[in-house]
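Asks: What follows is a single structure, and I will ask about it in a moment.
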Amino acid sequence: MKPFATTLSFAERMITPCGQRTERRLSHMRGMYQDIAETEAILRRDDPLIYEVYAGGVPEKEGQLPHCLTVLYPGQVGDEYYMTKGHFHVAMDTAEIYLGLEGEGYLLMQTKEGDSQALEMERGTIAYIPPYWAHRTVNTGKGPFVFFAVWPGHAGHDYGTIEESGFLKLVMERDGQPVLIPNPRYR
Ligand code: M6P
Ligand code: ZN
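In terms of the working numbering, the sequence shown opens at residue 76 and continues consecutively.
Structure (C-alpha cells):
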C-alpha cells in the first residue's frame, strides 16, 4: 500500500474520493426507535434518509486505521431524535475517536455490564470511546450533525447485540428540549 490523501469537503459534507458510501434509511432501522407504530406509519408514506457514511478507503485490517465521515440528518421518529444504529466492536478491546465538525448531538455509550454514559458533541469536540463501550450518535440539532471517526482496522462492527438489547438510554424531545430517559425495552 502507498501513502495517500483524501479531501474532507466541509461544504459538501463528504470525503473525496470516497472508498464507500453507505446509506441508512428508516427501513434499515426497523424496531430500533421506541415508537414502532410511528416507524411503520412513516414507512407507509416514505423511507427517510437518516444518515450517510463516507469511508476514507482504508481496509478494515489489523494495523490499519479506517476512518469515515458520518452525516446524521435532523429529524425525529415520534419524539425520538434521529440516531445511528450503534454498535460494539467485535474485538471488544478496541477504542475509537470521534471529532465533531458540524451541528450538535449526543454520543451515547454503554458497556455489557450496564454502565452508561452520554457526551454532548459539537464542532471541535474530540470524543474518546474506550475499549468495551458500544457507541451510538444522536442528532439533537436543527441541521446535519457531522463527525469524523477513526478506529483500529481489526475492530469489526457488532450490530446484533444492540439490535437485540437496544441502548440503555433514549434521547427524546420534551418541551422542545432533548432529555435522556431510561429505555423501558432495554434487555
Ligand atoms: C462512525 C463510526 C463508524 C460507523 C458510523 C455509523 O462514523 O463509528 O464505524 O459505521 O459511525 O454508525 P453505525 O455503524 O453504528 O451505524
Ligand atoms: Zn465503532
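For each residue, glycine too, the CB sits at the ideal point set by N, CA and C. All figures in this text were calculated on a predicted structure; none of them were measured in a lab.
1. Do the stretch 141 to 148 and the stretch 197 to 214 meet, that is, are 3 or more Cβ pairs less than 8 Å apart?
2. Report the option in M158, T114, V165 whose CA atom is closest to the CA atom of K136.
3. How about P141 and D168: do their beta carbons lie closer than 8 Å?
4. Looking only at its chain, what residues have a beta carbon closer than 6 Å to the beta carbon of T200, apart from the 5 residues adjacent to it on each side?
5. Under the assumption that M247 contacts I237 (Cβ atoms under 8 Å), give the Cβ distance between them as a whole number of angstroms.
6. Under three-state DSSP, which class holds T91?
7. Spatial neighbours of M107 within its chain, please: C-beta separation below 7 Å, excluding the five flanking residues on both sides.
Replies: Walking through what the data contain:
1. yes
2. V165
3. no
4. G175
5. That belief does not hold up - the Cβ atoms of M247 and I237 are roughly 18 Å apart, past 8 Å.
6. strand
7. K160
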